[in-house]
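Since the structure comes first, as structure tokens, the remarks are kept for the end.
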Amino acid sequence: MNVLVTGGTGFVGRHLVAQLQRLGWNVVRLGRSPEAEWKADVTDEKSLQSFAGQKKFDVVVHLAALLPGQGSEESLWQVNVEGTRNILHHFVEASTHIVFLSTGLVYGKECRNAEESAALLPSQPYARSKLAAENVVLEHQIFTGCKTTIIRPSVFYGEDAPPSMFLRSLMDALRAGISFPMTAGEQERDFLHVEDACLAIVLILQKQLGGIYNLASEEVHQIAEVARTVARLSGHPDLLKIGAVPYRDQESFFYSLNTAKIRSLLPWKPSWSLARFLAIQFS
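Take 8 as the starting number for the sequence shown in this note's numbering and just add one per residue.
Right, dumping it as structure tokens:
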């Protein structure tokens, strides 16, 4: 099986590529990192064109994206929407299975146990760019007839998560003995371990499953509760400054997803709990 993974050297990409390679699949990583076999920017038509036609792929897993806070609204649109369009144009034809990683934030900022059929009301630039990219993928499916899978995940975590992510930044600060100011922490989040997410993607590919699916642990935690647990395990509860930072505009207070659809079709359930992960991190 020949697989192209865009963003294959990023957080999710590294774990997915490792799982695919253990299965003996032939994986090519496309990205801006020197580690990538194909070094290219998804917004650079010229660099993508230089690789197009070199290899035929059975599967394209499109992970490359800008995340919230990584760029302006215009940048988010260029990378997440137009970049997706470029990848589809150059590498996805009728016989290709395209798997697109979207976000559960497409359901809006008050998202509680949302099913895939729920109204799509993205309130943040990142979520709006991801929903627009979903539509680009679905249009390409209509045009080419390619098999299409869209994944809407909750909040990823893992040992090697980017330092900008809440849980990683919290752990890093308290381990280093640095004060950690944060909001009042009333937000509710579903946290999904990256290894569990990548296993679901692998199972989707093995079964050649098309459609739109939520991906989540269905374990919902309040941010303040998580922060207090980390502070206690780190031995530095005094460094946690809950309520020191105001909420952002358009803050999402509820973010949980219903995964009955994917669990009914695949032998998948998360093996990691947040409690287990944190216990290991501070053992």
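We put the beta carbon where it would ideally sit given N, CA and C, even for glycine.
- Under the three-state reduction of DSSP, S79 is assigned to coil, being neither helix nor strand.
- DSSP places C153 outside any beta strand (DSSP E), giving it a letter other than H or E.
- Burial is judged here by how many other beta carbons sit within 10 angstroms of a residue's own beta carbon; N221 has at least 16 and is buried.
- The beta-carbon separation of I219 and E146, rounded to 14 Å, does not stay under the 8 Å limit for a contact.
- Residue environment: Q131 is assigned as buried (16 or more neighbouring CB atoms within 10 Å of its CB, all protein chains considered).
- Here V19 is actually not in contact with L73; their C-beta atoms are around 14 Å apart, not less than 8 Å.
- Among the bridge pairs identified by DSSP, A121 is matched with L264.
- The C-beta distance from S109 to K137 rounds to 5 Å, short enough to fall under 8 Å.
- Distance check between L285 and each of L174, R159, T103 and K53 places L174 closest, using alpha-carbon atoms only.
- For secondary structure counted as the beta strand (DSSP E) over 3 or more consecutive residues, the region 151-214 holds these complete runs in sequence order: 154-160, 162-164, 187-189 and 195-200.
- The shortest CA-to-CA distance from Q61 to any of T50, E193 and W45 is the one to W45.
- I157 is classed as buried because its beta carbon has at least 16 other beta carbons within 10 Å across all chains shown.
- Leaving aside the five residues that flank P170 on each side, the residues in its chain whose CB is nearer than 7 Å to its CB run, in chain order, S176 and D179.
- Spatial neighbours of A101 in its own chain (CB-CB distance under 7 Å, excluding positions within 5 residues in sequence) are listed in chain order as T151, G152 and C153.
- Closest by C-alpha distance to Y164, out of F58, P277, S57 and L246, is P277.
- In the three-state DSSP reduction, Q28 falls in the helix class (H, G or I).
- The Cβ atoms of A234 and F187 lie closer than 9 Å to each other.
- Out of N33, T190 and T103, the CA that lies nearest to the CA of V252 is found in T190.
- Within the same chain, Cβ atoms closer than 6 Å to the Cβ of F107 are found at H69, V144 and I157, the five residues on either side in sequence being excluded.
- Take the alpha-carbon of F261 and the one of A238: they are about 23 Å apart.
- Between the C-alpha atoms of W32 and H228 there is a straight-line separation of about 36 Å.
- G242 counts as exposed, since fewer than 16 other beta carbons sit within 10 angstroms of its beta carbon.
- A straight line joining the alpha-carbon of L30 with that of V10 spans about 12 Å.
- Rounded to whole angstroms, R255 and C205 show a C-alpha spacing of 30 Å.
- Counted as a single uninterrupted DSSP element, the alpha helix (DSSP H) harbouring R235 occupies residues I230 to S241.
- When the five nearest sequence neighbours on each side are left out, the beta carbons in the same chain lying within less than 8 Å of the beta carbon of S54 are those of K46, A47 and D48, in order along the chain.
- Taken atom to atom, the span from the alpha-carbon of A183 to that of V34 is near 37 Å.
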